[in-house]
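Contents: one structure, followed by commentary.
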Amino acid sequence: MRNRFDPGVMNTVTETNRASSSNRHTHRANRTTSTTRTNRTTRTTRFGAILIGASLLVAACGSDDEEAAGTAPAATEAPADASATTAADAATAPAASGDFSDLKVVMILDGSAEDGGWNTAHVKGGEAIEAAFPGMTIEYVEEVAPGQTATNAFEDAVAADADVVIGTTFYQDDMMDVAAANPDVTFLTWAGYETAPNVGHFDGASEDGRYLDGIVAGSLTKSNIIGYAAGFPFNEVNRAINAFTLGAKSVNPDVEVQVVYVSTWFDPAIEQQAAEALVNAGADVLAHEVGAQVYATVAAKAGGYVVGYTNDWSTIEPDAWASSFLYNWGPYYVSQVQAVLDGTWEPAISFGGLKDDFIDFAPYGPAVTPEILALVEEAKAGIIDGSLDIFAGPISDNAGNVVIAEGETVPFETRTECCQWLVEGVVGEIPA
Amino acid sequence: MNDSVLVLSIASALVAGTPILLAALGEIVTERAGVMNLGVEGMMLVGAVSAFWAGVHTGNLAVALLVGGLAGSLLSLVHAVLAITLRVNQTVSGLSLVIVGSGLSAFIGNVGDSPLLEAPNGVDVDPLLPAALADVPVLGPIVFGHDIVVYLAFAAVAVTGRVLYRTTFGLSLRAVGEDPAAADAAGLPVTRIRYLATAIGGFGAGVGGGYLVLAVLGTWQTGMTAGAGWIAVALVILAGWRPWLALIGAYVFGALRGLGFTLQIAQVDIPSDFLTMIPFVAAYLVVVLVSASPTRARRVAAPAALGEPYRREER
Numbered sequence: 002m003r004n005r006f007d008p009g010v011m012n013t014v015t016e017t018n019r020a021s022s023s024n025r026h027t028h029r030a031n032r033t034t035s036t037t038r039t040n041r042t043t044r045t046t047r048f049g050a051i052l053i054g055a056s057l058l059v060a061a062c063g064s065d066d067e068e069a070a071g072t073a074p075a076a077t078e079a080p081a082d083a084s085a086t087t088a089a090d091a092a093t094a095p096a097a098s099g100d101f102s103d104l105k106v107v108m109i110l111d112g113s114a115e116d117g118g119w120n121t122a123h124v125k126g127g128e129a130i131e132a133a134f135p136g137m138t139i140e141y142v143e144e145v146a147p148g149q150t151a152t153n154a155f156e157d158a159v160a161a162d163a164d165v166v167i168g169t170t171f172y173q174d175d176m177m178d179v180a181a182a183n184p185d186v187t188f189l190t191w192a193g194y195e196t197a198p199n200v201g202h203f204d205g206a207s208e209d210g211r212y213l214d215g216i217v218a219g220s221l222t223k224s225n226i227i228g229y230a231a232g233f234p235f236n237e238v239n240r241a242i243n244a245f246t247l248g249a250k251s252v253n254p255d256v257e258v259q260v261v262y263v264s265t266w267f268d269p270a271i272e273q274q275a276a277e278a279l280v281n282a283g284a285d286v287l288a289h290e291v292g293a294q295v296y297a298t299v300a301a302k303a304g305g306y307v308v309g310y311t312n313d314w315s316t317i318e319p320d321a322w323a324s325s326f327l328y329n330w331g332p333y334y335v336s337q338v339q340a341v342l343d344g345t346w347e348p349a350i351s352f353g354g355l356k357d358d359f360i361d362f363a364p365y366g367p368a369v370t371p372e373i374l375a376l377v378e379e380a381k382a383g384i385i386d387g388s389l390d391i392f393a394g395p396i397s398d399n400a401g402n403v404v405i406a407e408g409e410t411v412p413f414e415t416r417t418e419c420c421q422w423l424v425e426g427v428v429g430e431i432p433a
Numbered sequence: 067m068n069d070s071v072l073v074l075s076i077a078s079a080l081v082a083g084t085p086i087l088l089a090a091l092g093e094i095v096t097e098r099a100g101v102m103n104l105g106v107e108g109m110m111l112v113g114a115v116s117a118f119w120a121g122v123h124t125g126n127l128a129v130a131l132l133v134g135g136l137a138g139s140l141l142s143l144v145h146a147v148l149a150i151t152l153r154v155n156q157t158v159s160g161l162s163l164v165i166v167g168s169g170l171s172a173f174i175g176n177v178g179d180s181p182l183l184e185a186p187n188g189v190d191v192d193p194l195l196p197a198a199l200a201d202v203p204v205l206g207p208i209v210f211g212h213d214i215v216v217y218l219a220f221a222a223v224a225v226t227g228r229v230l231y232r233t234t235f236g237l238s239l240r241a242v243g244e245d246p247a248a249a250d251a252a253g254l255p256v257t258r259i260r261y262l263a264t265a266i267g268g269f270g271a272g273v274g275g276g277y278l279v280l281a282v283l284g285t286w287q288t289g290m291t292a293g294a295g296w297i298a299v300a301l302v303i304l305a306g307w308r309p310w311l312a313l314i315g316a317y318v319f320g321a322l323r324g325l326g327f328t329l330q331i332a333q334v335d336i337p338s339d340f341l342t343m344i345p346f347v348a349a350y351l352v353v354v355l356v357s358a359s360p361t362r363a364r365r366v367a368a369p370a371a372l373g374e375p376y377r378r379e380e381r
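Residue numbers (this note's numbering), protein chains in the order written: chain U, 2 to 433; chain X, 67 to 381.
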């Protein structure tokens, strides 16, 4: 979820320091050669430099412990153990048979594979590919921020003989040249806007899931104030807030969604203060679209509930846990790889929601009663069969202007162009 | 009255400022002895993950914080060996400590079948004083409603200030930071004092990280300090290497960061980025003031030998 569009996010120390370990290795090599070449360096400095080099190596080993040897790019890592959920995901995938030992997929992640949210969902999709094509190889490259680092990672992936390269964040501007130079490799990236003969893109309609999460939150709140921490006011973020609020209001017309923009994708200490500010303002259910887990702990401390964003925090704060939609990339990934193998793959921008099986849900918390679940299921069925249109007019923004007139809507195909307004019921403003 | 946004915000600010305060306090001791350790961020992360681990396994706040502090100390000794004994460039060594710390903590947080990443907090951090005191109007939440660490951090400021300025050991430590050659000539063990000061700094950062993860956030996440260590380093400069000013700085910083959200909720149109920027701008101003005015410089300047390795026979 972080780093998607915002170059400023690279400022955080962890991100910068954890650049791909291929860079780290080069850095270390340079350092050692330069010290041996210079005769004037004193013994102590040289020894010190080697020690620093060694400590850098420790750091590198810290995160790249299971590093693939040989020709594979230095930054690739063996995936985490396939969990039980993989089998469940794979069950939905078409059964394939045969030997896929020649097939190789490289997935480039913008954060840690174990972030418990955005990238973990993609890794689960990768596990679904693995299960669908036995014997194939999949490698993950973690912590790749958009920019030159990303271009290098895509080049490394091609050099490692990947057949399909998947990028989980906005890498559009970093990989088109690599794709043009390697027409035999298929590239899929998140939220790209420009296709090429071997480049396709994908995105999930989070608002479908958000509407249902809103129903849960609107049913659970007693103070009728729901706190919502958002990162930056992008279309996708505002659209999710609007869908969430519409969902909450569909079951509880008196509800208010108090929004704060925290201007970061990940900074737990700041997010903790945002969450506390929301609780202090009377919120008893917290929702978010930022990276930290503090919404769960703050909500639990306040005796309220938390709605995740592509997270499952049911183990962290079991009592406060309410619900969260999850992205379900497995079926899409498997179908794309299958099409590449069959030679039927066509470049496309795939935007999928509930009806396309792009959206799934984490286990619901204990406070979500069967009555609430029935409301959720009813809305879910409506969205899938088309009888429920989340953005059907008339809809006003929170300044009182009609933004979607009676009889109009935001069609599914153009939803990514929405929204730079906040729906009636949201308390808060889009920052300038 | 105790439900008012102002009271709650001030109470939150003290908690939010405490991890930064602990780390900055440690760094003040380190830098007062002439060692500049920029690896606070790395030590906080390692301290945090160690404290969280200890918390999950023991459920005891004191043990967890102690483990976090010792882990921070242990990592700081890497810097001590490099910077004091081997006389490596302290900036480079400190920065490498950040890299080591973030990598190491990410690794520790992610090993095993049930990694710390998915673990619930093992420690309950409760208010120290009876609930009746917390119900006192206004003062209750702000002064009496906190956990023990907030008060201990306050006490640590007093102790550090007292030790630095009113004891022989403090005088020795400051002498080593101002003029190690003179201190050496006076018979002070320069290397030993610098090692000790560096370890104390690591302890402060480790406890700060531990408090952040156990009491403020309640969950471990990779890279969760997200720059808190750098704020502590900036705070040391802002405070002119003085413990009491660091206390004020840390609380003000916590308050400003929270204020951004409180104002957003109150629909006051001041960007939160602007408010969080203020402490850094203030740190710059202090640096500018110091270089512009020699008289002020003497009062808030860095220790004279800060960042300079000491070599006995070099003149």
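The beta-carbon is built from N, C-alpha and C at its ideal position, and this holds for glycine as well.
Rounded separation between residue i and residue j - CA only
{"i": "Glu-156 of chain U", "j": "Gly-426 of chain U", "result": "47 Å"}
{"i": "Ala-363 of chain U", "j": "Asp-192 of chain X", "result": "31 Å"}
{"i": "Asp-214 of chain U", "j": "Ser-207 of chain U", "result": "10 Å"}
{"i": "Leu-110 of chain U", "j": "Ala-358 of chain X", "result": "48 Å"}
{"i": "Gly-243 of chain X", "j": "Ile-94 of chain X", "result": "11 Å"}
{"i": "Ala-433 of chain U", "j": "Thr-265 of chain U", "result": "15 Å"}
{"i": "Pro-246 of chain X", "j": "Val-229 of chain X", "result": "19 Å"}
{"i": "Pro-348 of chain U", "j": "Asp-185 of chain U", "result": "13 Å"}
{"i": "Leu-183 of chain X", "j": "Thr-288 of chain X", "result": "8 Å"}
CB contact flag (residue i, residue j, <8 Å)
{"i": "Ala-117 of chain X", "j": "Gly-134 of chain X", "result": "yes"}
{"i": "Ala-244 of chain U", "j": "Ile-396 of chain U", "result": "no"}
{"i": "Val-106 of chain U", "j": "Ile-167 of chain U", "result": "yes"}
{"i": "Ala-120 of chain X", "j": "Val-129 of chain X", "result": "yes"}
{"i": "Ala-297 of chain U", "j": "Ala-368 of chain U", "result": "no"}
{"i": "Gly-267 of chain X", "j": "Thr-157 of chain X", "result": "no"}
{"i": "Gly-138 of chain X", "j": "Ala-263 of chain X", "result": "no"}
{"i": "Ala-154 of chain U", "j": "Val-165 of chain U", "result": "no"}
{"i": "Gly-211 of chain X", "j": "Ala-200 of chain X", "result": "yes"}
{"i": "Tyr-310 of chain U", "j": "Gly-126 of chain U", "result": "no"}
{"i": "Asn-236 of chain U", "j": "Thr-417 of chain U", "result": "yes"}
{"i": "Phe-171 of chain U", "j": "Pro-147 of chain U", "result": "yes"}
{"i": "Asp-209 of chain U", "j": "Gly-354 of chain U", "result": "yes"}
{"i": "Gln-273 of chain U", "j": "Val-299 of chain U", "result": "yes"}
Where residue i sits in the DSSP three-state scheme
{"i": "Ile-336 of chain X", "result": "coil"}
{"i": "Gly-201 of chain U", "result": "strand"}
{"i": "Ser-315 of chain U", "result": "coil"}
{"i": "Gln-294 of chain U", "result": "coil"}
{"i": "Lys-223 of chain U", "result": "coil"}
{"i": "Pro-207 of chain X", "result": "helix"}
{"i": "Ile-216 of chain U", "result": "helix"}
{"i": "Ala-182 of chain U", "result": "helix"}
{"i": "Val-318 of chain X", "result": "helix"}
Sequence-distant residues of its chain with Cβ nearer than 8 Å to residue i (five each side left out)
{"i": "Leu-131 of chain X", "result": "Ala-117, Val-215, Val-273, Gly-276, Tyr-277, Leu-280"}
{"i": "Asn-40 of chain U", "result": "Note that Asn-40 of chain U scores 38 on pLDDT, short of 50, meaning its location in the model is unreliable; the coordinates nonetheless yield the value given after this. Nothing meets the Cβ criterion."}
{"i": "Met-110 of chain X", "result": "Pro-85, Ala-89, Gly-138, Gly-167, Ala-271, Gly-272, Gly-274, Gly-275, Leu-278, Thr-291, Ala-294, Gly-295, Ala-298"}
{"i": "Gly-366 of chain U", "result": "Tyr-306, Ser-315, Pro-319, Asp-320, Ala-321, Trp-322, Ala-323, Ser-324"}
{"i": "Pro-369 of chain X", "result": "Glu-97, Arg-98, Ala-99, Gly-100, Arg-240, Gly-243, Glu-244, Trp-307"}
8 Å Cβ cutoff, residue i in contact with chain C
{"i": "Pro-369 of chain X", "result": "The chain labelled as chain C is not found among the protein chains of the depicted structure, namely U and X."}
Chain X residues whose Cβ lies nearer than 9 Å to that of residue i
{"i": "Ala-323 of chain U", "result": "Those within 9 Å of Ala-323 of chain U in chain X number zero; the least Cβ separation is about 16 Å."}
{"i": "Phe-267 of chain U", "result": "Gln-287, Gly-289, Met-290, Ala-292"}
{"i": "Gly-429 of chain U", "result": "Gln-330, Ile-331, Gln-333"}
Cβ neighbours of residue i in the same chain (closer than 6 Å, five flanking residues each side left out)
{"i": "Ala-219 of chain X", "result": "Thr-84, Leu-87, Leu-88"}
{"i": "Leu-148 of chain X", "result": "Val-154, Ser-159"}
Under 7 Å by beta carbon: chain U residues contacting residue i
{"i": "Gly-83 of chain X", "result": "Simply none; closest approach about 10 Å."}
{"i": "Leu-195 of chain X", "result": "None at all; the shortest Cβ gap to chain U is about 18 Å."}
Cut-off 7 Å between Cβ atoms - residues of its own chain near residue i, not counting five sequence neighbours on either side
{"i": "Ala-79 of chain X", "result": "Tyr-317, Gly-320, Ala-321, Gly-324"}
{"i": "Ala-224 of chain X", "result": "none"}
Neighbouring residues, chain X, relative to residue i (Cβ below 7 Å)
{"i": "Gln-274 of chain U", "result": "Ser-78, Ala-82, Arg-323, Gly-324, Phe-327"}
Within chain U, the residues that residue i reaches when beta carbons sit closer than 9 Å
{"i": "Val-71 of chain X", "result": "Ala-278, Asn-281, Ala-282"}
Interface residues of chain U facing residue i [CB-CB closer than 8 Å]
{"i": "Ser-139 of chain X", "result": "Neighbours of Ser-139 of chain X on chain U: none; closest Cβ ~16 Å, over 8 Å."}
8 Å Cβ cut-off: residues of chain X touching residue i
{"i": "Glu-414 of chain U", "result": "Result: empty, since nearest Cβ-Cβ is about 34 Å, beyond 8 Å."}
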